[in-house]
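Quick note, in the working numbering, the sequence shown goes up one by one and the last residue is 515. Beta carbons: idealized from backbone N, C-alpha and C, even for Gly.
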Amino acid sequence: MALLLATATLIPLAGLIMVMMDNQSLMWLMAVGFFLGLLLLVGGAFLADKAARQ
């Protein structure tokens, strides 16, 4: 669970660094990484909530 949260926060962070570097070729990668990280975060929170309710 902690690993999932760490991954979910690292992906958008890496994307943010890429944007700061202003590399246009990596722009799409940042967008995909950000949404993927967001999806992982939401999914992780949902699974944790589901496990807590049982």
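Rank the options by C-alpha distance to the C-alpha of residue i and give the top, closest one.
i: M488; options: A509, A475 and L471; result: A475
i: F495; options: L466, G505 and P473; result: P473
i: V493; options: L477, L465, A512 and A467; result: L477
Considering residue i, what are the terminal residues of the alpha helix (DSSP H) in which it resides?
i: A488; result: Just to set this straight, residue 488 is Met in the shown sequence, not Ala. Unbroken alpha helix (DSSP H) run through M488: M488 to R514.
One question on the structure: do residue i and residue j come within less than 9 Å of each other, judged by their Cβ atoms?
i: A469; j: L499; result: yes
i: L541; j: L465; result: Residue numbering for the chain in the displayed model covers 462 to 515; residue 541 lies beyond these limits and cannot be assessed.
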